[in-house]
Amino acid sequence: MSQHVIVIGAGIVGVSTGIWLRRFGTEVTLVDRAAPGQGTSYGNAGVLAACSMVPVTAPGLIGKAPGMLLNPDFPLFLRWAYLPKLAPWLMKYLRNANDADTRRIAQGLTPIVSDAVEQHKALTDQTGAAHWVTDSDYHFAYATRADFDADGYTWALRKAAGFVPVLSEGGGVQDREPNLSSAIGCLATMKDHGFIRDPGAYVAALAEEFRQIGGKIVTTEVVDFELSAGRITAVLTKDGLMPCDTAVLATGVWSKPLMRKLGVSVPLESERGYHIVFEGAENGPRAPTMVASGKFVATPMAAGLRCAGVVEFGGLEAGPSKAPFALLRRKVKEAYPALTHSGEEEWMGHRPAPSDSLPLIGEIGQSRVMTAFGHHHIGLTGGPKTGRLIAEMLTGRSPNMDASVYSPNRFATP
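If you use this note's numbering, the sequence shown corresponds to residues 10 to 423, in order.
Laid out in structure tokens, this is it:
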């Protein structure tokens with residue numbers, strides 16, 4: 010059956026969905042208020058983090074959280090005036106900080122991220138975006154072996170999913186990464202990972218591929234849906250109605266108000282993520298490196314060294330805070346004391362964080378509105394897999410995985 014699909018959101022998830030739908034022969038229009046790849050997909054560490062399937066809500070988080078927030082040297086910030094609005098989501102989020110839920114969530118995230126490099130290569134095969142995808146190791150840098158061992162719970166879950174690191178200690182650390190501080194005494198290296206050398210340019214190149222294979226891109230803002238007998242017939246934009254048979258909601262944290270229009274209240278918050286690009290950087294890492302002491306990732310990119318990872322809760326309206334940038338600079342200097350650079354680019358954006366850390370992928374009831382958002386920290390990593398999954402669902406193909414865990418109907422009111 011022929012259908013016209015409108016994909017709302019031109020980040021990595023939306024563009025991936027559009028490409029796979031076109032490859033499967035479906036008419037597709039991609040709609041976003043901004044240019045492709047210039048929103049949340051623009052700002053991230055760029056890592057294809059196949060092993061990043063363990064949620065933040067691990068056992069013990071509830072006891073540690075107050076100390077994290079009060080510690081000026083820990084990369085977690087809260088705009089305290091926002092706390093009353095955050096509290097309902099936060100209570101739901103922290104309920105998952107136990108062993109059973111952590112394992113359940115990790116099992117759900119694993120299929121979305123574990124084959125990330127292969128999924129990105131399948132998406133970009135014979136396209137102008139392929140050159141942005143780079144094979145690499147992915148390092149986790151610790152001050153001591155004891156600090157690595159203290160993360161044993163997380164590493165055990167990774168091992169269960171097939172991810173086992175190669176450890177370097179003492180001088181072996183600097184043999185692998187010569188520019189890391191001598192204070193880093195243990196390096197856990199994941200092989201067979203990768204990164205994107207410029208995420209914004211990468212998604213823009215994918216959008217151009219989408220155009221070249223017959224997709225249409227419209228710049229406008231979607232504000233509502235038109236339904237008939239409970240099924241979508243059009244999306245309402247600021248520039249008028251756009252008829253369709255199916256819509257895919259892939260606009261990150263901005264999906265929440267559109268979900269309300271469909272009668273679903275999603276416990277979704279913005280994790281305000283920060284990054285700095287140290288332009289023209291020298292004496293940085295050879296491969297993407299998660300520095301455990303600062304909870305940031307340093308990635309060598311086309312424009313310089315991008316360091317990302319500080320998190321702040323403060324909603325969608327407030328502008329960037331100064332303190333996260335200051336902390337990030339301090340932690341980068343500690344990890345890479347010889348780093349030099351010619352300039353800086355600061356960025357702050359919004360990561361869509363569902364209270365249960367699982368993305369929403371699937372149809373809302375029988376509305377023919379599909380969801381493809383809520384990827385928390387793994388949007389770039391899992392975007393191509395999610396797009397392919399949505400395209401398979403919409404074209405009658407059988408996905409080679411159980412997608413029921415991602416159903417948006419888990420938040421529907423009975």
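For glycine and all other residues, C-beta sits at the position ideal for the given N, C-alpha and C.
Predicted model only: the values in this text are computed from it and were never measured.
Residues in its own chain within less than 6 Å of M379 by CB, not counting five upstream and five downstream?
-> Reading the sequence shown from its first residue, position 370 is the one you call residue 379. The residues are V257, E372, I399.
With 16 as the cutoff for other CB atoms within 10 Å, does S413 come out buried or exposed?
-> In the sequence shown, the residue the question calls residue 413 occupies position 404. Flag for S413 reads exposed.
Just tell me which of G171, K168, H202, F149 has its CA closest to the CA of E178.
-> Here residue 178 corresponds to residue number 169 of the sequence shown, with the count starting at 1. Closest option to E178, Cα to Cα, is F149.
Leaving out five residues on either side along the sequence, give the residues of the same chain with a beta carbon under 8 Å from the beta carbon of M410.
-> Within the sequence shown, the letter at position 401 stands for residue 410. Contacts found: P120, L398.
Give the straight-line distance between the Cα atoms of C7 and V16, rounded to the nearest whole angstrom.
-> Look at the range of the chain in this structure, 10 to 423, and you will see that residue 7 is not part of it.
Sort E288, P93, Q128 by Cα distance to I28 and report the nearest one.
-> Residue numbering aside, residue 28 sits at position 19 when the sequence shown is read from its first letter. Ranking E288, P93, Q128 by Cα distance to I28 puts Q128 first.
Where does the unbroken alpha helix (DSSP H) through K247 begin, and where does it stop?
-> One-based indexing of the sequence shown puts residue 247 at position 238. It is not in any alpha helix (DSSP H) - K247 carries neither H nor E in the DSSP assignment.
Is P75 near the ligand ATP, going by C-beta to nearest heavy atom under 6 Å?
-> As presented, the structure is devoid of all ligands, the ligand ATP included, so that no description of it is given.
By Cβ distance, which residues of its chain are closer than 6 Å to R42, with the 5 residues on each side in sequence left out?
-> Position 33 of the sequence shown, counting from 1, holds the residue named residue 42. Counting only Cβ-Cβ distances below 6 Å, and skipping sequence neighbours, we find E230.
Can you check the stretch 332-364 for any beta strand (DSSP E) of at least 3 residues that lies completely inside it and give the ranges in chain order?
-> 352-363
Go ahead and pull the three-state DSSP assignment for K101.
-> Start at 1 with the first residue of the sequence shown, and residue 101 comes out as number 92. Helix at K101.
Could you say which of F86, K304, A192 lies nearest to K331 if we only look at CA atoms?
-> Reading the sequence shown from its first residue, position 322 is the one you call residue 331. Considering only alpha carbons, the answer is F86.
Mind listing, in chain order, the continuous beta strand (DSSP E) runs of no fewer than 3 residues lying wholly within the stretch 124-175?
-> 142-151
Looking at the structure shown, is G374 part of a helix, part of a strand, or coil, going by DSSP?
-> As a first step, residue 374 must be located in the sequence shown, where it is residue number 365. Reduced to three states, the DSSP call for G374 is coil.
Skipping 5 residues on each side, what residues in its chain have a beta carbon closer than 8 Å to that of P294?
-> Locating residue 294 in the sequence shown gives position 285, where the first residue counts as 1. Counting only Cβ-Cβ distances below 8 Å, and skipping sequence neighbours, we find H148, E186, N188, L189, A307, T308, P309, L314, Y345.
Counting Cβ pairs closer than 8 Å, one from the stretch 351-359 and one from the stretch 198-214, do we hit at least three?
-> no
Close-in-space but distant-in-sequence residues of the same chain around R220 (CB under 8 Å, 5 per side omitted) | Translated into positions along the sequence shown, residue 220 becomes position 211. For R220, where only same-chain residues beyond five positions count, the Cβ hits under 8 Å are I226.
Rounded C-beta distance between A243 and V24? I'm assuming under 8 Å.
-> Residue numbering aside, residue 243 sits at position 234 when the sequence shown is read from its first letter. Residue numbering aside, residue 24 sits at position 15 when the sequence shown is read from its first letter. Contact doesn't hold; Cβ gap of about 22 Å is too wide.
Please report the Cβ distance between T163 and A67, rounded to the nearest whole angstrom; I am assuming they are in contact, meaning their Cβ atoms lie under 8 Å.
-> Locating residue 163 in the sequence shown gives position 154, where the first residue counts as 1. Locating residue 67 in the sequence shown gives position 58, where the first residue counts as 1. Yes, T163 and A67 are in contact; Cβ-Cβ is about 7 Å, under 8 Å.
Could you check if K265 is buried or exposed, using at least 16 other CB atoms within 10 Å of its CB as the buried criterion?
-> Locating residue 265 in the sequence shown gives position 256, where the first residue counts as 1. Buried, since its Cβ has 16 or more Cβ neighbours within 10 Å.
Under 6 Å Cβ to Cβ from P393, same chain only, skipping five residues before and after it: list those, please.
-> Taking the sequence shown and counting its residues from 1, the one referred to as residue 393 is at position 384. If we look at P393 and ignore the five residues flanking it on each side, its Cβ neighbours are S25, Q128, H129, L132.
Exposed or buried, A138, counting other C-beta atoms within 10 Å across all chains shown (16 or more means buried)?
-> The residue labelled residue 138 in the question sits at position 129 within the sequence shown. A138 comes out buried.
What does H202 pair with, by DSSP beta-bridge criteria?
-> Translated into positions along the sequence shown, residue 202 becomes position 193. Partner(s): S145.
Helix, strand or coil at I114 according to DSSP, with G and I counted as helix | Within the sequence shown, the letter at position 105 stands for residue 114. Correct three-state label for I114: helix.
Note down the Cα distance separating V286 from T349, rounded to an integer number of angstroms.
-> In the sequence shown, the residue the question calls residue 286 occupies position 277. In the sequence shown, the residue the question calls residue 349 occupies position 340. Spanning the two alpha carbons is a distance of roughly 12 Å.
At a cut of 8 Å, does the stretch 265-285 reach the stretch 316-328 through at least three beta carbon pairs?
-> yes
Using three-state DSSP, classify D233 as helix, strand or coil.
-> The residue labelled residue 233 in the question sits at position 224 within the sequence shown. The answer is strand: DSSP assigns D233 an E or B state.
Return the bridge partner residues of D41 from the DSSP annotation.
-> To locate residue 41, count along the sequence shown from 1; it is residue 32. Answer is T228, bridged to D41.
Give the DSSP-derived three-state secondary structure of L196 in the structure shown.
-> If you number the sequence shown from 1, residue 196 lands on position 187. Strand.
For E235 and G374, the rounded distance between their alpha carbons | On the sequence shown, residue 374 is found 365 positions in, with the first residue counted as 1. On the sequence shown, residue 235 is found 226 positions in, with the first residue counted as 1. When rounded, the distance between both Cα atoms is 15 Å.
Which of helix, strand or coil does DSSP assign to I387?
-> To locate residue 387, count along the sequence shown from 1; it is residue 378. Of the three classes helix, strand and coil, the one that applies to I387 here is coil, per DSSP.
In three-state DSSP terms, what is A381?
-> Looking up residue 381 in the sequence shown gives position 372. Three-state DSSP puts A381 in a strand.
Taking M299 as the reference, give the member of A259, K270, I193, L277 with the closest Cα.
-> Here residue 299 refers to the residue found at position 290 when the sequence shown is read from its first residue. Taking only the C-alpha atoms, the option nearest M299 is I193.
Residues in its own chain within less than 7 Å of M10 by CB, not counting five upstream and five downstream?
-> What you label residue 10 is simply residue 1 of the sequence shown in a count that begins at 1. Since pLDDT at M10 reaches only 47, below the 50 mark, its modelled position is unreliable, and the value read off the structure follows with that caveat. Excluding residues within five positions, none has a Cβ falling inside 7 Å.
Going by Cα to Cα distance, which pick from F83, A19, Q47, L79 is closest to R339?
-> Position 330 of the sequence shown, counting from 1, holds the residue named residue 339. The shortest Cα separation from R339 among F83, A19, Q47, L79 belongs to F83.
Just the Cα atoms here: how many angstroms apart are G224 and E354?
-> Position 215 of the sequence shown holds residue 224. Position 345 of the sequence shown holds residue 354. Cα-Cα distance, rounded: 32 Å.
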